[in-house]
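Q: Residue numbers (the working numbering): 1 to 429.
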Amino acid sequence: MPTAISELRHHALRAFEAAVDAVQPDNLLPQALEEISLDVPPGGRLIVAALGKAAPGLAASWRTHRPLVEDHLVVLTPHRTPIPPGLSDDVEILFGAHPLPDRAGKHAAGRLYQLATGLGPDDRLLVLLSGGASALLALPAPDLTLEELNLATNAMLQAGASISELNTVRRELLVLGGGGLLLAAWPAIVTTLVLSDVPGDPLHDIASGPTVASPTGTNEALAVLDRFELLEQIPSTVQRVLVRGRSLQTNDAHRFAPSRTVLMGSNRTAVDAAASYLKIQRLRPRTESDPLIGEASERGRQLARLGRSLDPTGPGAVVFGGETTVTVRGEGVGGRNSELCLAAALELEGAGPCVVLSAGTDGIDGISGAAGGIVDPQTTNRIRSAGMNPTALLKVNDSATALSASGDTVITGPTGTNVSDVMLVIAGG
């Protein structure tokens, strides 16, 4: 591999590491705690609930900086998420499946609901919220089964619905979504510290907004399903629940507990950290303010064309954050980041020194087992040398298989945080 490309790959990977490190709970939570008050009246209790993919790290950081000041600490996180050794036996640790809920998640959400409804006016609830919690808050609306909820969720995922579109529907189907947890905790005071995995950081979309009132309702949810032509594919029960409407509507805001929400960190935090590393390396980075969204393969080709257009006489870099989507047409192994990278690799064929990286800050990209990928103009040659056709693999969403064959996967394992994806383009001699 040419030295120039080797160096560009090295710096892309180091920049991604800097991005992930910047959004580690222990680097964000202490400052956020300085911004809030957790005073509990005499006789009151403090309940702390850490939710989502970053929940164990958030809980461990809480224990480090506020050791044993709470009356109860509960952690709800996806199965197989590593639990830091600092969390002792007095922590209630619950698990659920992601991205499709399971019965363990339903039980865990029921337990969280029980804790919230048991709070009184002198009690306080601190929610440490991170991405991935929507699937974990798997307590379906009345008259809706977990299986029916999953069928609707999976249909939207397969159709390529964005996180905003997905949560517009899920907020109406989950008891704890769209302010449901906040309503359940009334009349206790609720404070939420948020690690955002949604581009633009709309609080109602992060984990389906369990502690903020929903700005959308059943009409908007039905419109999403109609836009993707899913009304005939989802269970009729889902439609009946949406047509009937939830009992937890935005106009019930007067029943919601007093609350405050603080954004600890976001995708932008990670993007800026990656750019800072590249600046130190004199790679002349710039960052894009708009989130990178849309079909992953189309965005991959777009980033490759951007790489080709950068000044060939010297290094240059562009850093993006966001979350693309994949319209599933085959049964291959992959995720949105590996699909973006494979499409970019095909577009980079014959280009000068250039690399494109796209990876999830949580270390998980679909069902690939990797965080994402990093590709260069020789990636497709390495795939073909392994006896595979990169164009055919892209058509059947088998991008992770292709990148594994070329040695272009980015593997980190679970990172303990989650602020969506980081994409990098670096080019030049």
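We put the beta carbon where it would ideally sit given N, CA and C, even for glycine.
All of these numbers come straight from a predicted model, not from anything done at the bench.
1) According to DSSP, is V224 helix, strand or coil?
2) Along the chain, which unbroken stretches of the alpha helix (DSSP H) at least 4 residues long are found entirely within the stretch 297-364?
3) Please state the DSSP three-state secondary structure of H72.
4) Which residue's Cα is closest to the Cα of S88: H79, H72, P99 and V419?
5) In chain order, what residues of the same chain lie with their CB nearer than 8 Å to the CB of G369, ignoring the 5 residues before and after it?
6) Counting pairs of Cβ atoms below 8 Å between the stretch 190-208 and the stretch 118-134, do you hit three or more?
7) Please list the terminal residues of the continuous beta strand (DSSP E) segment that includes I189.
8) Quick one: using the 10 Å Cβ neighbour count with 16 as the cut-off for buried, is V432 buried or exposed?
9) With distances taken Cα to Cα, identify the nearest neighbour of G132 among A97, G352, E347 and G387.
10) Look at the Cβ atom of E295, then the Cβ atom of D421, and state whether they are nearer than 8 Å.
11) Considering only the beta carbon of each residue, do A207 and L129 sit closer than 8 Å?
12) Tell me the DSSP secondary structure of M264 in three-state form.
13) From the DSSP secondary-structure annotation, give me the bridge partner or partners of M423.
14) Are D376 and L393 touching if we call contact CB-CB under 8 Å?
15) What residue does the alpha helix (DSSP H) around A50 start on, and which one ends it?
16) Round the Cβ separation of G372 and S338 to the nearest angstrom and send it over; I've been treating them as touching at under 8 Å.
17) Going by DSSP, what residue range makes up the alpha helix (DSSP H) through G105?
18) Could you tell me whether the stretch 329-344 touches the stretch 280-289, using the rule of 3 or more Cβ pairs below 8 Å?
19) Exposed or buried, P56, counting other C-beta atoms within 10 Å across all chains shown (16 or more means buried)?
20) What's the gap between the Cα of N381 and the Cα of L136?
21) If you run the structure through DSSP and keep just helix, strand and coil, what is S247?
22) Taking the C-alpha atoms as reference points, what is the distance between S247 and P78?
23) Let me check one thing: in DSSP terms, what residues is V127 bridge-paired to?
24) For M1, is the classification buried or exposed, using 16 other Cβ atoms within 10 angstroms of its Cβ as the cut-off for buried?
25) Kindly indicate which three-state DSSP category V40 falls into: helix, strand or coil?
26) Name the one or two DSSP bridge partners that V433 has.
27) Going by CA-CA distance only, name the one from V328, P390 and T409 that's closest to L157.
28) To the nearest angstrom, how far is the alpha carbon of E17 from that of M423?
29) Between the C-alpha atoms of G428 and T417, what's the straight-line distance to the nearest angstrom?
A: Put simply:
1) Counted from its first residue, the sequence shown places residue 224 at position 224. Residue state, collapsed to three classes: helix.
2) 336-348
3) Along the sequence shown, read from residue 1 onward, the residue named residue 72 stands at position 72. DSSP places H72 in strand when its eight states are reduced to three.
4) Working through the sequence shown from its first residue, we reach residue 88 at position 88. Minimum Cα-Cα distance from S88 among the listed residues H79, H72, P99 and V419 corresponds to H72.
5) Numbered from its first residue, the sequence shown carries residue 369 at position 369. Hits under 8 Å: A400 and I411.
6) yes
7) Along the sequence shown, one-based indexing puts residue 189 at 189. Run containing I189: I189 to L195, per the beta strand (DSSP E) assignment.
8) Here the chain has residues from 1 to 429 only, and residue 432 is not among them.
9) Taking the first residue of the sequence shown as 1, we reach residue 132 at position 132. The shortest Cα separation from G132 among A97, G352, E347 and G387 belongs to A97.
10) By one-based count along the sequence shown, residue 295 stands at place 295. By one-based count along the sequence shown, residue 421 stands at place 421. Contact flag unset, no.
11) Along the sequence shown, read from residue 1 onward, the residue named residue 207 stands at position 207. Along the sequence shown, read from residue 1 onward, the residue named residue 129 stands at position 129. A contact, by the Cβ cut-off of 8 Å.
12) Locating residue 264 in the sequence shown gives position 264, where the first residue counts as 1. M264 falls in the strand class under three-state DSSP.
13) Here residue 423 is taken as the residue at index 423 of the sequence shown, counted from 1. Note: M423 sits in a beta bridge opposite F320 and S358.
14) Here residue 376 refers to the residue found at position 376 of the sequence shown. Here residue 393 refers to the residue found at position 393 of the sequence shown. Taking 8 Å as the Cβ cut-off, D376 and L393 do not qualify as a contacting pair.
15) Sequence index remark: in the sequence shown, residue 50 carries index 50 (1-based). Annotation for A50: no alpha helix (DSSP H) segment contains it, though the beta strand (DSSP E) segment containing it runs L46 to L51.
16) For this step, residue 372 is matched to residue 372 along the sequence shown. For this step, residue 338 is matched to residue 338 along the sequence shown. A Cβ-Cβ separation of about 6 Å places G372 in contact with S338 under the 8 Å criterion.
17) One-based indexing of the sequence shown puts residue 105 at position 105. From DSSP, the alpha helix (DSSP H) with G105 extends over R103 to T117.
18) no
19) Residue 56 sits at position 56 when you count from the first residue of the sequence shown. With 16 or more Cβ atoms within 10 Å of its Cβ, P56 is classed as buried.
20) Here residue 381 refers to the residue found at position 381 of the sequence shown. Here residue 136 refers to the residue found at position 136 of the sequence shown. Distance between the alpha carbons of N381 and L136 is about 41 Å.
21) Numbered from 1 along the sequence shown, position 247 holds the residue referred to as residue 247. With a pLDDT of 47 at S247, under the threshold of 50, the predicted position of this residue should be treated as unreliable, and no value is reported.
22) Taking the sequence shown and counting its residues from 1, one reaches residue 247 at position 247. Taking the sequence shown and counting its residues from 1, one reaches residue 78 at position 78. In this prediction, S247 scores a pLDDT of 47, lower than 50, which makes its location untrustworthy; the coordinate-derived value is nonetheless stated afterwards. Rounded to whole angstroms, S247 to P78 spans 28 Å at the Cα level.
23) Along the sequence shown, one-based indexing puts residue 127 at 127. DSSP, once it has assigned bridges, lists A49 and T192 as partnering V127.
24) Here residue 1 refers to the residue found at position 1 of the sequence shown. With a pLDDT of only 41 at M1, under 50, the local geometry of the prediction cannot be trusted, and the value read off the model is given with reservation. Exposed, by the Cβ-count rule.
25) To locate residue 40, count along the sequence shown from 1; it is residue 40. Coil, per DSSP.
26) Since the displayed the chain opens at 1 and closes at 429, residue 433 lies outside it and no answer follows.
27) On the sequence shown, residue 157 is found 157 positions in, with the first residue counted as 1. Taking only the C-alpha atoms, the option nearest L157 is V328.
28) Within the sequence shown, the letter at position 17 stands for residue 17. Within the sequence shown, the letter at position 423 stands for residue 423. C-alpha separation (whole angstroms): 12 Å.
29) Stepping through the sequence shown from its first residue, residue 428 is reached at position 428. Stepping through the sequence shown from its first residue, residue 417 is reached at position 417. Each residue's alpha carbon lies about 32 Å from the other.
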